[in-house]
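See structure below.
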Amino acid sequence: MNKTGRNDPCPCGSGKKFKKCCESKGTTKALSPERVSLQQPPTSSGKVSSLFQRTKSVVPPENKNSDNS
């Protein structure tokens, strides 16, 4: 396992830089693949966009001119 750099994101998952978070504690936690994938932006792989496009093709648009009152 590579050593965490001072300016790298902290492996604890806090989102802070390592030097501002756990460096002074002297401990680091290894991240599980599940936790790493949760930290990635959902649009980075295009999955959200792909899901939206598929949903648009299946779900009909609402009729904005209908009066539901």
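When you line the sequence shown up against numbering that gives the first Met the number 0, it's residues 0 to 68, in that order.
We treat Cβ as the ideally placed atom computed from N, Cα and C, and that holds for glycine.
Helix or strand or just coil, what does DSSP make of K2? coil
Cβ atoms of R5 and K24: under 8 Å apart, would you say? In this structure, R5 does not lie closer than 8 Å to K24 by Cβ.
Rounded C-alpha distance that separates S49 from S56: The straight-line gap separating the alpha-carbon atoms of S49 and S56 is approximately 11 Å.
Roughly how many angstroms lie between the CA atoms of R53 and E61, to the nearest whole one? 16 Å
Whole-angstrom C-beta distance between C9 and K2, which should lie under 8 Å: About 13 Å separates the two Cβ atoms, so there is no contact after all.
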